[in-house]
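Engineer:
In the working numbering, the protein residues as written are 22 to 195.
1) Residues bridged to residue 153 by DSSP?
2) If I'm right that residue 140 touches residue 125 with Cβ under 8 Å, what's the distance once you round it to whole angstroms?
3) So what's residue 121 in DSSP terms, helix, strand or just coil?
4) When DSSP labels each residue in this structure, what does residue 87 get in the three-state scheme?
5) Mapping DSSP to helix, strand and coil, what is residue 158?
6) Drop a sphere of 10 angstroms on the beta-carbon of residue 86, count the other beta-carbons inside from all chains shown, and report buried for 16 or more, exposed for fewer.
7) Could you tell me the boundaries of the alpha helix (DSSP H) in which residue 103 lies?
8) Along the chain, where does the beta strand (DSSP E) containing residue 77 start, and where does it finish?
9) Distance check for residue 177 and residue 137, CA to CA, integer angstroms please.
10) Can at least three beta-carbon pairs, one atom from the segment 159 to 177 and one from the segment 110 to 124, be found at a separation below 8 Å?
11) For residue 38, tell me which candidate among 88, 170, 143 has the shortest Cα-Cα distance.
12) Taking the beta carbon of residue 98 as the centre, do at least 16 other beta carbons fall within 10 Å, making it buried, or is it exposed?
13) Could you tell me which of 47, 34, 158, 142 sits nearest to residue 91, measuring between CA atoms?
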């Protein structure tokens with residue numbers, strides 16, 4: 022099935038590694054610090070994997086979610102700190118819309134997604150504005166059921182990931 026192309030089941034090793042990083046995340050939040058901002062400086066809050074980064078510039082980082090709900094589940098992080106979308110300046114709207122549209126087109130072209138949902142759920146503080154792109158594939162239910170699909174771990178199919186990166190690279194260089 023196309024919607025499983027980048028997914029695998031979560032293993033006990035995955036859970037153990039996540040727990041280690043989760044402790045750093047909790048410490049950061051308990052100190053009143055933004056875990057995402059701290060991670061940009063230290064790389065010890067979230068499991069970073071450059072192979073999963075599809076695009077990055079001075080405004081955004083776009084990457085495949087490690088604990089994905091669907092194959093092609095993407096996170097777009099705004100690099101500057103904003104608690105939620107109401108704080109994001111209008112000046113970021115055009116570049117955000119551009120990279121979002123390019124990424125959605127890549128998911129449709131490379132993975133065969135029929136639709137791609139755009140979601141932001143920045144709850145609990147301190148938080149850092151980020152957006153999720155969650156694809157829907159042929160034969161899957163429509164609407165909010167996509168948002169509660171059980172998470173699975175990303176499988177590193179470098180051919181597919183490289184195709185996504187290349188699509189985005191070409192589109193952003195125009």
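Glycine included, each C-beta is placed from N, C-alpha and C at the ideal position.
Computed from a predicted structure; not experimentally measured.
Structural biologist: Per the coordinate set shown:
1) In the DSSP assignment, residue 153 forms a beta bridge with 96, 140.
2) About 13 Å separates the Cβ atoms of residue 140 and residue 125, ruling out a contact at the 8 Å cut-off.
3) DSSP places residue 121 in helix when its eight states are reduced to three.
4) In the structure shown, residue 87 sits in coil (DSSP, three-state: anything other than H, G, I, E or B).
5) Residue 158 carries a coil assignment under DSSP once its states are collapsed to helix, strand and coil.
6) Within 10 angstroms of the beta-carbon of residue 86 lie 16 or more other beta-carbons, which makes it buried.
7) Per DSSP, residue 103 belongs to no alpha helix (DSSP H) and is neither H nor E.
8) Residues 74 to 77.
9) Just so you know, the alpha carbons of residue 137 and residue 177 end up roughly 21 Å apart.
10) No, the segment 159 to 177 is not in contact with the segment 110 to 124.
11) For residue 38, the nearest C-alpha among the options comes from 88.
12) With 16 or more other Cβ atoms within 10 Å, it is buried.
13) Of the listed residues, the one whose Cα sits closest to residue 91 is 158.
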